[in-house]
Amino acid sequence: MLRDNVPQPFLIPQALVPTFHEEEPMSKAVSGRSKKKSGMTEESSLSKLIRIILLVLFDAGAVWFIQNALSQGFDQLAIVIGIIAVMFNLIYLIPQAYPFRWMSFGLGFLILFTIYPMVFTIYVAFTNYGDGHLLTKEQALPIIEKQVFLPETGKSYSWTAFQSDAGDYALWLINPEGETFIAKPGVELQSAKPGDPGIGEADSKGIPATIDGYKRLNPLFAATDKNLVNIKFGIEGGKTVQVRSPSEAAELQIRYQYDEATGTIVDQSNGEIYYDEEGTFTSRTGKTIAPGYRTEIGFKNFADFVTSPALRGPLVQIVTWNFIFPTVSVLSTFALGLAIAIMFNEPDFPLKRLIRSLLIIPYTIPGLISIIIWRGLLNSEFGIVNKILNDLIGTAPRWTTEAFWAQTAILLVNLWLGYPYMMLVTSGALQSIPSDIYEAAMIDGATGWQRFRRITLPLLLIAVGPLLIASYVYNFNNFNLIYLFIAGGPPIPGASTQAGYTDILISYVYKLAFESGGRGVQYGLASAISIVVFFIVGSITLFQYRFTNMWEEASENA
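Here it is, written out as structure tokens:
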């Protein structure tokens, strides 16, 4: 009996028992399952071949691009393309990097269009990049060495151009003494006269109508032919003639000769030596050779930003206004938005939904359109606002020509653009404050102002405090409003740069970098100011987040 009650072992049917063959060991099966889990599948030979071919083509293009970039002096761009090329090869050749293939192009674009511009901006801040220094040294030197002069012993000629069917040029030259010559590239100047063998008869000006194998060019066409001025007629190293103007050709010589050993340039016309000083070849007498080239100048741009008398005057006003503008904008938009939100928070307010919808309209219209509309409304001469004010009180502010009224107009337009956002966020935050807190305060005898100051505002700032900080940072760099409304104007009198009373640092940087005028575009200085702006905004953000902790403590005590 007892034996019959002993539980028998559970028997698994033979058909359900997995079998492992020799050609598929357990390790291989597990490996296959792990590959499926990781998303890796067996790649076909055709897919491998296509991948390798595309990678080879990409590498060939990258190598070609890098070589050209290095030859033109764009070393940073060449390094970036090299990094992207190496990354692509590692991702597409190493099996363990398979998951990164799905994001490889995104990583490449991130490096090329986001990380590289940031790094390049930092690099440019330490260079003299700007007007007169736009080229690399490798690009500037050939341009300098192309400049020519007419030595004292050189002769000048009037010229007429001829061209063969193959595109070769020839010049018919006449010197002041009336002697005539024919000049061809690579051939010594030959004395010739109309009627000589191969040369046609002269016209009324003494110029042959034809030269054997060449057709006479229309003078107007020849004067605008850019190829002619780059051709040396005659034997290189001997007497050569170049077209100098539409009416003159001369025995010109190369004026500037670069000495690579000493890094100096010698003026062949007078023997003066020019030394390399921060990307500009300058003589001891102060003369310079254009163009210069971009090079590293250390912290000079940052020093100019702080100490340059030419920049210090407008810069003080710009920085001061740059702090006033976001501060007043945030306080005014928050105050108006909160006032409207509290007003609509009353249950018995009439037509609440309709009026609230109308008040949100400025937020639904694109800011670009709103700014342009306001620019027309506040036009000092034709704006409807000034026309109404003139009819009512007989005078109107000069919104675009007087500094105070221009700044006031900027703040008013920003108030119109910003209050709907503050109204929406504060409305939501007010709904989250428990009503029993107000009831307890009223029982304790708190007035409406005390309830707002001790309960509403501290609890509200916890919710909207980070948004206020974000709004401050946004307005600190609110380029669109400043530039589209009045382009930073009106101009600051006596400023050596294009600086205006409503300019903030970011709009001032834009003018320095992209608008010629005064001292010209200055990418290096603009990049340096951009870095300073970044640290200012970062410091403001960190400082203001300290107040967020204070608001949290205040809410706990409320």
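Residue numbers (our numbering): 2 to 559.
Even glycine gets a Cβ: it sits at the ideal position worked out from N, Cα and C.
Quantities reported herein were computed from a predicted structural model and do not represent experimental measurements.
Taking all protein chains shown into account, Ser528 has 16 or more neighbouring C-beta atoms within 10 Å of its C-beta and is therefore buried. Just measuring C-alpha positions, the residue of Lys138, Thr154, Asn302 and Ile530 sitting nearest Ala251 is Thr154.
Within the same chain, Cβ atoms closer than 6 Å to the Cβ of Gly419 are found at Thr334, the five residues on either side in sequence being excluded. In this structure, Ala162 places its C-beta atom within 7 Å of the C-beta atom of Ala223. For Ile123, the uninterrupted alpha helix (DSSP H) segment begins and ends at Tyr117 to Val125.
Contact between Gln408 and Tyr502 holds: their C-beta atoms lie close to 7 Å from each other, under 8 Å. Comparing alpha-carbon positions, the option among Gly62, Glu403, Glu139 and Ile123 lying closest to Glu261 turns out to be Glu139.
Excluding the 5 residues flanking it on each side, Gln148 has same chain C-beta neighbours closer than 7 Å at Arg256 and Tyr257, in chain order. Taking a cut-off of 8 Å on C-beta distances, the region 169–179 does not touch the region 281–301, as fewer than three cross pairs fall below it. Of the residues Pro494, Ile92, Asn271 and Asp226, the one whose Cα lies closest to the Cα of Trp103 is Ile92. Here Tyr130 carries a coil assignment [DSSP, helix/strand/coil].
Here DSSP, grouped into helix, strand and coil, assigns Val242 to strand. Residue burial is scored here from C-beta neighbours: Trp65 has fewer than 16 other C-beta atoms within 10 angstroms and is therefore classed as exposed. Rounded to whole angstroms, the gap between the alpha carbons of Pro310 and Ile319 is 14 Å.
Met423 is classed as buried because its beta carbon has at least 16 other beta carbons within 10 Å across all chains shown. If you draw a straight line from the Cα of Trp375 to the Cα of Gly395, it comes to about 21 Å.
Rounded to whole angstroms, the separation of the alpha carbons of Ile456 and Leu352 is 28 Å. Only residues of its own chain outside the window of five on either side were considered, and among them Leu412 have a CB closer than 8 Å to the CB of Val329, listed in chain order. Residue pairing by DSSP places Trp160 opposite Leu174 in a beta bridge. Straight across, the Cα-Cα distance linking Asn231 with Thr137 is about 22 Å. Under the Cβ criterion (8 Å, minimum of three pairs), the region 469–487 counts as touching the region 358–373. In the three-state reduction of the DSSP assignment, Gln191 falls in the strand class, which pools E and B.
Of the residues assessed, Lys512 falls on the buried side of the cut-off, its CB having 16 or more other CB atoms within 10 angstroms.
Note on geometry: alpha-carbon atoms of Met344 and Ile356 lie some 11 Å from one another. Scanning the region 364–398 from its first residue to its last, the whole alpha helix (DSSP H) runs of 4-plus residues come out as 368–378 and 385–394. With a minimum length of 3 residues, the unbroken runs of beta strand (DSSP E) contained wholly in the region 244–270 fall at 249–251, 257–260 and 265–268. According to the DSSP assignment, Asp277 belongs to the beta strand (DSSP E) that extends over Ile274 to Glu278. Thr286 sits exposed, since fewer than 16 C-beta atoms from the chains shown fall within 10 Å of its C-beta.
The DSSP assignment places 449–452, 458–477 and 480–487 as complete runs of the alpha helix (DSSP H) inside the region 448–506, in order along the chain (cut-off: 4 residues).
The C-alpha of Glu180 lies about 58 Å from the C-alpha of Gly299. Comparing C-alpha distances from Leu339 to each of Phe515, Trp450, Asp76 and Val426 shows the shortest one belongs to Val426. When the Cα atoms are used, Arg454 and Ser508 turn out to be separated by approximately 38 Å. Under the 10 Å beta carbon count, Val317 is surrounded by fewer than 16 other beta carbons and is classified as exposed. With three or more CB-CB distances shorter than 8 Å, the region 81–91 counts as touching the region 53–73. By the Cβ criterion, the region 263–272 is not in contact with the region 179–197, since fewer than three pairs of Cβ atoms, one from each stretch, lie closer than 8 Å.
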